[in-house]
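Q: Chains A and B supply the protein sequences, listed in that same order.
Sequential numbering of the first sequence, starting at 1, is according to the UniProt record's numbering.
Sequential numbering of the second sequence, starting at 1, is according to the UniProt record's numbering.
Every residue, glycine too, gets a C-beta built ideally from N, C-alpha and C.
Please read these numbers as outputs of a predicted model, since none were measured by experiment.
Following this message is one structure expressed as structure tokens.
Protein chains: 2
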Amino acid sequence: MSKISSNPVGHGSTDVRDRILETASKLFYKQGVRAVGVDLVVDKAGVAKTSLYRHFGTKDDLIAAFLEREDQDFWGQWDRVAAKYEHDARAELDAHLGWIGERVGRPNYRGCPQINVAAEFPEADHPARKVAETHKREMRRRLKAIAERLDVAVPDELAGQLSVLVNGAFVSSQIFEPGEATPLLRHAAEALISAGRSSNRIDL
Amino acid sequence: MSKISSNPVGHGSTDVRDRILETASKLFYKQGVRAVGVDLVVDKAGVAKTSLYRHFGTKDDLIAAFLEREDQDFWGQWDRVAAKYEHDARAELDAHLGWIGERVGRPNYRGCPQINVAAEFPEADHPARKVAETHKREMRRRLKAIAERLDVAVPDELAGQLSVLVNGAFVSSQIFEPGEATPLLRHAAEALISAGRSSNRIDL
DNA sequence: GTGAGAACAGACAGGTCTGTAGCACTGGAG
DNA sequence: CTCCAGTGCTACAGACCTGTCTGTTCTCAC
Chain A
1 MSKISSNPVG HGSTDVRDRI LETASKLFYK QGVRAVGVDL VVDKAGVAKT SLYRHFGTKD
61 DLIAAFLERE DQDFWGQWDR VAAKYEHDAR AELDAHLGWI GERVGRPNYR GCPQINVAAE
121 FPEADHPARK VAETHKREMR RRLKAIAERL DVAVPDELAG QLSVLVNGAF VSSQIFEPGE
181 ATPLLRHAAE ALISAGRSSN RIDL
Chain B
1 MSKISSNPVG HGSTDVRDRI LETASKLFYK QGVRAVGVDL VVDKAGVAKT SLYRHFGTKD
61 DLIAAFLERE DQDFWGQWDR VAAKYEHDAR AELDAHLGWI GERVGRPNYR GCPQINVAAE
121 FPEADHPARK VAETHKREMR RRLKAIAERL DVAVPDELAG QLSVLVNGAF VSSQIFEPGE
181 ATPLLRHAAE ALISAGRSSN RIDL
């Protein structure tokens with residue numbers, strides 16, 4: 001279908017869809033997905049409920065779209081940072097832990113959206129859960145790619161440890177002192193990498 | 001019916017209260033708190049709704065009681081293990097990572113209840129949130145007590161790192177291979193402790 | 001036996017939720 | 001100018017939710 005023009009507030013512009021998704025994302029993240037009804041979303045977005053259901057057939061689909069959006073934002077930030085350290089995996093990792101630690105320490109930080117939504121929807125076949133699971137596996141995959149450039153004995157284990165560390169940071173914001181997260185994560189990563197290099201990994 | 005020898009406690013027996021709390025705990029953990037209505041709880045527990053509201057004034061109170069129960073179970077297990085290693089902090093930590101890793105790998109593991117509920121109820125004044133926050137801080141407090149027996153330069157930082165690790169394990173069960181969690185956690189703890197002992201911690 | 005407390009059973013009130021339907025408006029394409 | 005897809009607005013259906021109320025039964029204590 002056309003929908004190509006998409007130019008400013010024209011006709012079939014995607015303006016309305018974007019506004020719905022952005023509004024829903026903010027509300028979902030801040031208040032929790034189940035706590036936010038579609039009526040609230042359409043009210044805050046200033047659109048008609050009909051429009052919401054035309055662009056997203058179901059609330060569940062809207063939730064999945066929310067997570068996909070967050071996923072894209074997250075990896076967008078990741079890629080932007082990664083691009084600066086193409087030749088230095090160690091520096092790249094530190095940089096990631098830097099912005100992640102900073103993000104975790106923000107005043108209104110409410111945890112990782114993927115994890116939060118997975119906690120709210122245990123049903124394995126929920127569309128949003130698939131996005132969340134893909135997100136977590138992608139995290140480990142990317143960390144493994146970094147670990148493989150770090151000259152450690154078992155890159156996959158280091159990747160697993162770093163994944164746990166990062167996921168842990170996402171859910172531990174409550175226990176951090178201000179500004180504590182990033183150095184804590186960096187020191188931990190340093191320790192894990194050092195241990196992975198020294199070859200005392202012969203035992204089980 | 002029988003009500004099996006409702007016996008001694010006879011009248012004000014806590015039998016009903018326990019049954020409600022246990023049933024609710026299972027359902028809440030498995031399906032999520034918001035997804036489970038009180039009607040389902042009373043039905044599965046085989047009690048009258050009046051009884052639920054007599055013992056727990058509110059669903060929110062029932063949720064808080066659920067988390068308190070989980071909290072007690074968790075620290076009960078912790079204490080049982082800790083008692084075996086009173087004189088060996090290193091072995092105690094390994095033992096904790098052992099049962100935590102095992103628990104995380106169970107087939108129906110659905111994450112830490114405290115974290116899940118906190119994700120479902122962002123409102124800071126929700127009674128269940130207070131239980132959850134207390135739980136997380138208690139975790140760091142206990143890990144700090146262990147770290148202080150481990151001859152590391154900055155026990156508080158190690159405690160923070162171990163807390164992140166444990167919380168991370170709770171939310172990362174999806175990315176673990178079967179049986180992977182415990183050794184991964186133990187190797188990580190080993191690395192963190194080693195790094196905390198070597199005195200290259202003079203920098204910031 | 002009698003009264004009190006606890007539990008059961010079921011209906012109900014009042015609200016919220018998702019999702020749908022009907023009708024009017026608008027602005028660009030032909 | 002005339003279509004017409006996209007949008008807004010309102011009302012509604014049907015389900016579900018929390019919490020309350022009434023009425024009945026059971027068991028213990030006295």
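#1: Do we get a CB-CB distance below 8 Å when we pair residue 180 of chain A with the residues of chain B?
#2: Is residue 121 of chain B close to chain A? Criterion is C-beta to C-beta, closer than 8 Å.
#3: Taking the alpha helix (DSSP H) that residue 22 of chain B belongs to, which residues open and close that run?
#4: Please check if any C-beta of chain A sits within less than 8 Å of the C-beta of residue 167 of chain B.
#5: Going along chain B in order, which residues have a C-beta closer than 7 Å to the C-beta of residue 72 of chain A?
#6: How far does the alpha helix (DSSP H) with residue 51 of chain A in it reach, from first residue to last?
#7: Counting contacts by CB-CB distance shorter than 8 Å, is residue 55 of chain A in contact with chain B?
#8: What separation, rounded to the nearest whole angstrom, lies between the Cα atoms of residue 17 of chain B and residue 27 of chain B?
#9: Please identify the residue among A/119, A/114, A/103, A/105 whose C-alpha is closest to the C-alpha of residue 110 of chain B.
#10: Does the Cβ of residue 168 of chain A have 16 or more other Cβ atoms within 10 Å, making it buried, or fewer, making it exposed?
#11: Taking C-beta pairs closer than 8 Å, name the residues in chain B that residue 184 of chain A reaches, listed in chain order.
#12: Please report how far the alpha carbon of residue 136 of chain B lies from the alpha carbon of residue 30 of chain A, in whole angstroms.
#13: For a contact defined as C-beta to C-beta under 9 Å, what are the partners of residue 103 of chain A on chain B?
#14: Is the segment 64-72 of chain B touching the segment 159-166 of chain B in the sense that three or more CB pairs, one from each, lie closer than 8 Å?
#15: So with CB distances below 9 Å, who are the chain B contacts of residue 150 of chain A?
#16: If you measure between the beta carbons of residue 117 of chain B and residue 132 of chain B, is that distance less than 8 Å?
#17: Measure the C-alpha to C-alpha separation of residue 142 of chain A and residue 182 of chain B and round it to an integer number of angstroms.
#18: Just mark residue 32 of chain B as buried or exposed, buried being the case when its beta carbon has 16 or more other beta carbons within 10 Å.
#19: Report back the beta-carbon spacing between residue 45 of chain A and residue 20 of chain A to the nearest angstrom; my notes put them in contact at under 8 Å.
#20: Residue 15 of chain A: which of A/175, A/37, A/114, A/51 sits nearest, CA to CA?
#21: Rounded to a whole number of angstroms, what is the C-alpha to C-alpha distance between residue 22 of chain A and residue 41 of chain A?
#22: Considering Cα atoms alone, identify which of B/59, B/48, B/55 is closest to residue 36 of chain B.
#23: Could you say which of B/180, B/195, B/56, B/197 lies nearest to residue 100 of chain B if we only look at CA atoms?
#24: Pair every Cβ in the segment 141-159 of chain A with every Cβ in the segment 141-158 of chain B, then say whether three or more of these pairs are closer than 8 Å.
#25: Does DSSP put residue 152 of chain B in a helix, in a strand, or in coil?
#26: Could you work out which residues of chain A lie near residue 30 of chain B, taking near to mean beta carbons separated by less than 8 Å?
#27: Should residue 172 of chain B be labelled buried (16 or more other beta-carbon atoms within 10 Å of its own) or exposed?
#28: Return the first residue and the last residue of the alpha helix (DSSP H) that residue 193 of chain A is part of.
#29: Nearest to residue 89 of chain A by alpha carbon, out of A/177, A/147, A/185?
#30: Alpha carbon to alpha carbon, what distance is there between residue 170 of chain B and residue 129 of chain A?
A: Once the coordinates are examined:
#1: yes
#2: yes
#3: 15-31
#4: yes
#5: Ordered by position in chain B, no residue passes the 7 Å Cβ test against residue 72 of chain A, which lies about 20 Å from the chain.
#6: 49-55
#7: no
#8: 15 Å
#9: A/119
#10: buried
#11: 157, 160, 161, 164
#12: 21 Å
#13: Here the premise fails: no neighbours, minimum Cβ distance about 15 Å.
#14: no
#15: The premise fails here: residue 150 of chain A is roughly 14 Å from chain B at the closest Cβ pair, so nothing lies under 9 Å.
#16: yes
#17: 22 Å
#18: buried
#19: 5 Å
#20: A/51
#21: 10 Å
#22: B/59
#23: B/180
#24: no
#25: coil
#26: 122
#27: buried
#28: 181-197
#29: A/147
#30: 17 Å
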